[in-house]
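Below is one structure, written out as structure tokens; the observations come after it.
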Amino acid sequence: MSMITRLREVDAAGRPAIITGLYDKNRRYFIKNQPAIARFLDSGSCPYHIDLTETFLNIVHTPSGLLGHPETGLDHFAEMLGSGDHQGWIDLVNAERVEPHNSPVHCSLLRDFQDGMNEVFFEQAQLLDTGTVKVKTAGAGVNFSPPVVFVGIFHGLHIDYFLATTEVTRIALIEPEPERFEVSCYFLDYEEIARRFGALPLCIGDQADQVIMRWFHSSDKVTSRLWMRLLPGYVSERIEPIFKQFVLQQRILDGMTTSVDNENRGIAAGWQSVRERRQFLNSKPRLSAGARIAIVASGPSLAQDYEWLRHNRDCLLIFAVHSAVRPLMANGIKPDLQFAVDMHLDENVVQALHLHRDVPLVAYFKASSPLLAAVDLPLLIVERDVANPVHFEQLLVNTHPSTATLALSFACFCHPDELYLLGLDLGFHNIETQAISGGIHDNRPQQQDNLHVVPANFSNHSGEAGVYTTPFFNGVKINVERELREHRQGMHCCNLSDGARIEGTSSARSAEMVLAEYPGKTHDLQTIYSAFQMAEEGKNWHRYHLPGRDLLQLFSSTLGSFLTMEQWDWPQFCVRLDSVLAGAMNVCQQSSPCLRMTIYERLINDLLTSWYRYLLLSSDVATAEKIYHEGLRQFLKILARLEWPIDETETVVSIQ
Numbered sequence: 001m002s003m004i005t006r007l008r009e010v011d012a013a014g015r016p017a018i019i020t021g022l023y024d025k026n027r028r029y030f031i032k033n034q035p036a037i038a039r040f041l042d043s044g045s046c047p048y049h050i051d052l053t054e055t056f057l058n059i060v061h062t063p064s065g066l067l068g069h070p071e072t073g074l075d076h077f078a079e080m081l082g083s084g085d086h087q088g089w090i091d092l093v094n095a096e097r098v099e100p101h102n103s104p105v106h107c108s109l110l111r112d113f114q115d116g117m118n119e120v121f122f123e124q125a126q127l128l129d130t131g132t133v134k135v136k137t138a139g140a141g142v143n144f145s146p147p148v149v150f151v152g153i154f155h156g157l158h159i160d161y162f163l164a165t166t167e168v169t170r171i172a173l174i175e176p177e178p179e180r181f182e183v184s185c186y187f188l189d190y191e192e193i194a195r196r197f198g199a200l201p202l203c204i205g206d207q208a209d210q211v212i213m214r215w216f217h218s219s220d221k222v223t224s225r226l227w228m229r230l231l232p233g234y235v236s237e238r239i240e241p242i243f244k245q246f247v248l249q250q251r252i253l254d255g256m257t258t259s260v261d262n263e264n265r266g267i268a269a270g271w272q273s274v275r276e277r278r279q280f281l282n283s284k285p286r287l288s289a290g291a292r293i294a295i296v297a298s299g300p301s302l303a304q305d306y307e308w309l310r311h312n313r314d315c316l317l318i319f320a321v322h323s324a325v326r327p328l329m330a331n332g333i334k335p336d337l338q339f340a341v342d343m344h345l346d347e348n349v350v351q352a353l354h355l356h357r358d359v360p361l362v363a364y365f366k367a368s369s370p371l372l373a374a375v376d377l378p379l380l381i382v383e384r385d386v387a388n389p390v391h392f393e394q395l396l397v398n399t400h401p402s403t404a405t406l407a408l409s410f411a412c413f414c415h416p417d418e419l420y421l422l423g424l425d426l427g428f429h430n431i432e433t434q435a436i437s438g439g440i441h442d443n444r445p446q447q448q449d450n451l452h453v454v455p456a457n458f459s460n461h462s463g464e465a466g467v468y469t470t471p472f473f474n475g476v477k478i479n480v481e482r483e484l485r486e487h488r489q490g491m492h493c494c495n496l497s498d499g500a501r502i503e504g505t506s507s508a509r510s511a512e513m514v515l516a517e518y519p520g521k522t523h524d525l526q527t528i529y530s531a532f533q534m535a536e537e538g539k540n541w542h543r544y545h546l547p548g549r550d551l552l553q554l555f556s557s558t559l560g561s562f563l564t565m566e567q568w569d570w571p572q573f574c575v576r577l578d579s580v581l582a583g584a585m586n587v588c589q590q591s592s593p594c595l596r597m598t599i600y601e602r603l604i605n606d607l608l609t610s611w612y613r614y615l616l617l618s619s620d621v622a623t624a625e626k627i628y629h630e631g632l633r634q635f636l637k638i639l640a641r642l643e644w645p646i647d648e649t650e651t652v653v654s655i656q
């Protein structure tokens, strides 16, 4: 029963007990679970009060005496706002079907699934690209909705009404105007919401980014990736930027994981590097007091810093992103270390980078042979939170998705006293210029769609405080900020780049920075080299006891079991759709503590998303049930074709 119904069923004299009782319950819940919110409620900052009426209640803005809702009545307005079929809803439907580049196996498996579905459901196939979907019926007069974000909670009666009449697997509650929040505590049962959804997805004030990040970087990468709904609770200039963040993040997901082809090649290349006993990161370097590292990327603002870098060449360890090496070379600057996170670069691209043969290259250990052969000393690192063919003792975190994040992760691992960021723009004053002149990206077409404005590190000449960014660069920015948040303690980080503002850094122009001498530079560079040692089984790496091919069998069977339902049910299927991958990974980790099965993450998500896309276009429950059963049959056929790319039981010659 909704709160609106409860309040209507009693007379005016009975309503205060209902709403004050719920307020007290919410306050007790917040005291126990979120004390900061309880203290906020006690601050008395809410400018609204509640008036009783003969028919219902009014919410009044105390300073002005104006109603906080239309004169038609709070109850009628909340029912209208909380219904699922009015034009106030903002549907984020991502109809774009992205096929990974240069990935014939991945694309073939995905197309075979789609072809199998098209043969049976041709009508739905014709509608796939329209981007038009409708709220579904879950039965018994209850609607089923995709994930929902309520932006602007205020009284919350519309949210309570929605939850009472709709099955929904996931919600987020964002109140950008904190002074309005207390009103909702009289009408919205926060403890019940936490019980229903397993947690309270609540954000008050200017921390909406945290909710958005948790939303998109959790295990839920299927239903939100394709369709989600946002509902503003009132008109406010603070709401529009939050909507734009959700739009941007929804489109990042395809770029944050790679195809099964790339993952297979990476696993094979990484295993080959182990068998060839290359140099792997083995220990943490201990740098001297006053150590400084400059991370140099290839954003267009790097052009402003060449002179400063030349002048301070001996005062910094220069970590150059591979795409910055050529423009640095053209300006007489030789880095101390070069970096590359790419797994697959062909010889033409490697040659175009103009890497210094005599400067060590810190590379991802899954890098292909042309890249590693371009330098005399490749130094390999391993990421912790990805699939690795064997267990390594020394791991880094937050190394992806770009070479800049690899360089930053390694720099933070070295933990200098001072860290400088140059050319790490991640946002652009001019959308026509997204890379440094003379670099490898100089002549590439610049992305001009799906652009979003983010805060700038420096205001431009027109006084504007924002710069343009792309979904990919925004994803890089998120990882950079995460790495700094986790590891910057005791380290001063200064962003000299004229691009997007990076949280956790101070801002300065290079012309303003005067550096003291760095007498320990040569020693520190040798210390870094010494942190890498030749791969040797039993010392810095170990085999997993369960071979990958056996783990793949367990993974596939678990996926099939999780998705098999005796009776079709919209809400239950969507819960399984969003949790099946994490559930199967957990089962595999119990048998073999590793992340090897994540090489199939993008493929599985693409298959599940395609399946879900057909279901969203179903016209009734009966059609949805048929699509479910055929989709399961096609999905199991694809799983049976998956192969593990290497044989980890091969003998590796030990060092004598």
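Letter 515 of the sequence shown, counting from 1, is numbered 515 in full-length UniProt numbering, and no numbers are missing.
For glycine and all other residues, C-beta sits at the position ideal for the given N, C-alpha and C.
Everything numeric in this text was worked out from a predicted model, so none of it was measured.
Of the residues assessed, His-523 falls on the exposed side of the cut-off, its CB having fewer than 16 other CB atoms within 10 angstroms. Taking Val-168 as the centre and dropping the five residues before and after it, the same chain places the C-beta of Ser-145 and Val-148 closer than 6 Å to its C-beta, in chain order. Under the DSSP assignment, Gln-279 falls in the beta strand (DSSP E) whose first and last residues are 279-281. Per the Cβ contact rule, the segment 512-530 is not in contact with the segment 257-274 (fewer than 3 Cβ pairs under 8 Å). Going by C-alpha positions, Phe-121 is about 10 Å away from Ser-618.
Collapsing the DSSP output to three states places Trp-227 in a strand. Measuring C-alpha to C-alpha distances from Ser-402 to each of Glu-418, Ile-478 and Asp-569 identifies Ile-478 as the nearest.
Here DSSP, grouped into helix, strand and coil, assigns Met-534 to strand.
In this chain, Leu-616 is not harboured by any beta strand (DSSP E); it is covered by the alpha helix (DSSP H) spanning 601-616. Glu-175 is bridged by DSSP to Ile-204. By the neighbour-count criterion, in which 16 or more other beta carbons inside 10 Å mark a residue as buried, Met-1 falls on the exposed side. In the structure shown, the three-state DSSP call for Leu-421 is strand.
Straight-line spacing of the CA atoms in Leu-74 and Thr-53 works out to 11 Å. Distance from the Cα of Lys-25 is smallest, within the candidate group Ala-640, Val-580, Gly-65 and Asp-189, for Asp-189. Rounded to the nearest angstrom, the gap between the Cα atoms of Ala-407 and Tyr-364 is 11 Å. The segment 150-162 makes contact with the segment 231-238: 3 or more CB pairs, one atom from each, lie closer than 8 Å. Rounded to the nearest whole angstrom, the CA to CA distance from Leu-577 to Ala-352 is 43 Å. If one requires a minimum length of 4 residues, the alpha helix (DSSP H) runs lying completely within the segment 311-366 are 322-330 and 347-353, in chain order. In the DSSP assignment, Gly-560 falls within the unbroken alpha helix (DSSP H) covering 548-563. Separation of the CB atoms of Gly-631 and Trp-611 is rounded to 4 Å, and the pair is thereby assigned contact status at 8 Å. By DSSP's assignment, Thr-469 forms a beta bridge with His-452. Sequence-distant partners of Arg-278 (beyond 5 residues in either direction) whose C-beta falls short of 8 Å from its own C-beta, in its chain, are Phe-365, Leu-372, Pro-378, Leu-380, Met-534 and Ala-535. Ranked by Cα distance from Thr-258, the options Cys-315, Ser-103 and Gln-114 are led by Ser-103. In the displayed model, Trp-644 falls within coil according to three-state DSSP, outside both helix and strand. Where Leu-157 is concerned, the enclosing alpha helix (DSSP H) starts and stops at 157-165. Put simply, the backbone Cα of Ile-293 is about 50 Å away from that of Arg-28. Secondary structure note for His-106: it is in no beta strand (DSSP E), and the uninterrupted alpha helix (DSSP H) holding it is 104-120. With respect to the C-alpha of Arg-196, the residue from Cys-203, Thr-223 and Asp-160 having the closest C-alpha is Asp-160. Sixteen is the threshold: when 16 or more other Cβ atoms of the shown chains lie within 10 Å of the Cβ of Asp-261, as they do, the residue is buried. DSSP places Val-274 outside any beta strand (DSSP E); the residue lies instead in the alpha helix (DSSP H), whose first and last residues are 260-275. Short of 7 Å from the beta carbon of Glu-481, and not among the five residues preceding or following it, lie these beta carbons of its own chain, in chain order: Ile-502, Glu-503 and Gly-504.
Ranked by how close their Cα comes to the Cα of Leu-22, the residues Val-580, Leu-7 and Asn-33 have Leu-7 in first place. Non-local beta-carbon contacts of Val-652 in its own chain, meaning distances under 6 Å to residues more than five positions away in sequence, involve Arg-275 and Glu-537 in chain order. For Tyr-48, the uninterrupted beta strand (DSSP E) run begins and ends at 48-52, by DSSP. A direct Cα-to-Cα measurement between Arg-229 and His-487 gives close to 35 Å. By the Cβ test, the segment 297-308 is in contact with the segment 484-499, since at least three Cβ pairs between them sit closer than 8 Å.
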